Amino acid sequence: MPLVEITDIHKSFGLVEVLKGVSLTLEKGEIAAVIGRSGSGKSTMLRCVNGLERVQSGRIVVDGLEVTAPATDLNVLRQRVGMVFQSYNLFPHLNVERNVMLALRKVRRMADAEARDIARAMVAKVGLADKLAAYPDELSGGQQQRVAIARSLAMQPTIMLFDEITSALDPELVGEVLKVLEELAREGMTMMLVTHEMNFAKNVADRVIFMHQGNVHEDGPARETLLEPRTPELGSFLSAVLH
Ligand SMILES: Nc1ncnc2c1ncn2[C@@H]1O[C@H](COP(=O)(O)OP(=O)(O)OP(=O)(O)O)[C@@H](O)[C@H]1O
Ligand SMILES: [Mg+2]
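Numbering (this note's numbering), first residue to last: 11 to 253.
Written out as structure tokens, the structure is:
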């Protein structure tokens with residue numbers, strides 16, 4: 011059974027339909043890069059997968075949980091589906107360790123010592139073991155984004171969703187964040203990531219999903235899809251972002 015199964019989802023904001031029958035499946039351990047023009051529905055699709063947006067019709071099942079069923083507990087879902095955004099949203103008054111511990115304490119109701127152990131391991135994993143006591147405003151954007159990833163990983167999700175997590179960073183900080191994603195990839199984490207980093211998509215992702223006007227327009231092996239686009243829409247998108 012696939013880890014993510016999206017079947018014919020439709021999502022409108024008011025009269026504007028932004029997802030027009032999106033279907034895709036993702037196997038456990040697969041890494042899919044989601045690409046496409048601004049407004050094509052990439053973020054909306056990701057937000058539907060972890061229940062931040064409700065669809066009008068269609069079905070989404072993640073890790074056996076039916077996201078689109080009204081009775082599904084979205085808090086349970088979000089413990090299994092980690093999501094990281096362009097903005098890090100760390101709590102400014104908490105240090106790195108406390109930021110990463112917070113959900114473990116509040117959502118998992120974990121004891122302080124246990125939550126601290128997990129937080130330290132996750133912060134070390136993103137290469138910031140020496141920054142446990144630092145506050146967000148003492149960190150670079152790249153470091154803050156790595157803390158946001160650690161915070162999400164602390165919940166031990168079965169899949170991670172990343173929405174343009176390097177887009178707000180200065181170019182010299184992008185690499186350190188992508189390195190963390192590569193490490194997660196090596197460990198076999200299932201990931202869906204919206205990205206404009208085409209080299210990363212080509213080298214790390216298994217699949218590329220090209221969204222165009224609210225639909226999945228192409229979906230195939232990463233290299234092949236990026237090097238030999240089958241549709242003129244993907245061809246012109248790629249020449250616009252690569253030049
Ligand atoms: N909360 C909302 N209310 C109204 N319209 C929305 C809302 N969220 C998204 N939209 C619209 O839905 C469409 C798809 O938006 P979405 O953010 O999913 O695109 P995207 O592919 O992620 O674009 P970008 O590359 O700019 O991030 C856009 O036309 C956007 O204006
Ligand atoms: Mg977006």
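Glycine included, C-beta positions come from ideal geometry on N, C-alpha and C.
What you are looking at is a predicted structure, and each value in this text was computed from that prediction instead of being measured.
Asked	Found
Residue range of the beta strand (DSSP E) that residue 36 falls in?	26-36
Should the region 188-205 be regarded as contacting the region 39-58, the criterion being three or more beta carbon pairs within less than 8 angstroms?	yes
Quick one: complete alpha helix (DSSP H) runs, 4+ long, within the region 189-240?	208-214 and 232-237
How would you call residue 121, buried or exposed, if buried means at least 16 neighbouring beta carbons within 10 angstroms?	exposed
Would you mind reading off the limits of the beta strand (DSSP E) that contains residue 91?	91-94
Let's test the definition: count the other Cβ atoms within 10 Å of the Cβ of residue 11 and tell me whether it reaches 16, buried, or not, exposed.	exposed
With C-beta atoms as the reference, is residue 129 less than 8 angstroms away from residue 110?	yes
With distances taken from CA atoms, which of 91, 39, 214 and 65 is nearest residue 161?	91
Within the present structure, is the beta-carbon of residue 174 separated from the nearest heavy atom of ligand 2 by less than 7 angstroms?	yes
For ligand 1, is there any heavy atom lying closer than 7 angstroms to the beta carbon of residue 101?	no
So, with DSSP's three-state summary, where would you put residue 49?	coil
Is residue 152 buried or exposed, if buried means 16 or more other CB atoms sit within 10 Å of its CB?	buried
Let me confirm a value: residue 60 is counted as buried when at least 16 other C-beta atoms fall within 10 Å, else exposed. Which label applies?	buried
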